[in-house]
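Single-structure report; data block below.
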Amino acid sequence: MTVQEFNRCVDEHADSLYRFILKNVKDKDKAKDIVQDTYEKLWMKVSETEAKNAKSYMFTTAYRTMIDALRKDKRQGPIEEAPMIALSHSKQYSDLKEILDEAVAKLPETQRSVVLLRDYEGYSYEEIGEITGLSESQVKVYIFRARTFLKNYIGSLDKVV
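All the letters of the sequence shown, read from the start, carry residue numbers 973 to 1133 under our numbering.
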């Protein structure tokens, strides 16, 4: 991959890569760090990576970097715990996007990632399998389970009204 191809790759895929990571980690700064780490890793392998495979390489690297960061955060735990009651507000929503985001956040990590890659980013089952390291049939099962959960969660009228 040449420097021009690398720069074009950054220009074309930076937004979708950032959106994918942000939907999973829910922290803008952490998402920016993961995307930056991804581009750094791509730059380190720029001579070994072909331009046509760069998008898949970036999403795979970003996914794995995100998993590592989430595992690291889980081990460390939060620095300070804020009382959730003081920060909470009414659970009555009128915005369907907020309800959908809340439902997606409740999905297990793997299901959330595959459904975001499929439904938000438009990847094929095969591409998702390459990115996540799952077989195509596992990807289909996780997407089915995630969609079933989302349908049941959003399907109840009291959540929407």
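Where is the CB? At the ideal position from N, CA and C, for every residue including glycine.
Quick one: Cα of residue i to Cα of residue j, how far?
{"i": "residue 939", "j": "residue 1124", "result": "Since the first and last residues shown for the chain are 973 and 1133, residue 939 lies out of range."}
{"i": "residue 1026", "j": "residue 1004", "result": "19 Å"}
{"i": "residue 987", "j": "residue 996", "result": "14 Å"}
{"i": "residue 982", "j": "residue 1011", "result": "8 Å"}
{"i": "residue 1116", "j": "residue 985", "result": "27 Å"}
{"i": "residue 1043", "j": "residue 1072", "result": "25 Å"}
{"i": "residue 1078", "j": "residue 980", "result": "35 Å"}
{"i": "residue 1099", "j": "residue 1106", "result": "10 Å"}
Hey, out of the options, whose CA is closest to residue i's CA?
{"i": "residue 1008", "options": "1030, 1078, 1025", "result": "1030"}
{"i": "residue 1126", "options": "1028, 1070, 974", "result": "1070"}
{"i": "residue 998", "options": "1021, 1028, 1013, 1081", "result": "1081"}
Note down, in chain order, each residue of its chain lying with its Cβ closer than 7 Å to the Cβ of residue i, except the 5 sequence neighbours on either side.
{"i": "residue 989", "result": "1007, 1010, 1030, 1031, 1034"}
{"i": "residue 1085", "result": "996, 1035, 1104"}
For residue i, collect the residues of the same chain with a Cβ closer than 8 Å to its Cβ; drop the 5 residues on either side in sequence, then sort them by chain order.
{"i": "residue 977", "result": "1023, 1026"}
Leaving out five residues on either side along the sequence, give the residues of the same chain with a beta carbon under 6 Å from the beta carbon of residue i.
{"i": "residue 1118", "result": "1079, 1083, 1087"}
(message) Taking contact to mean 3 or more Cβ pairs, one atom from each stretch, closer than 8 Å, check whether the stretch 1033-1045 and the stretch 1106-1118 are in contact.
(response) no
(request) Run through the stretch 1097-1129 for me and flag every whole alpha helix (DSSP H) of 4 or more residues, listed as ranges in chain order. (result) 1097-1104, 1108-1127
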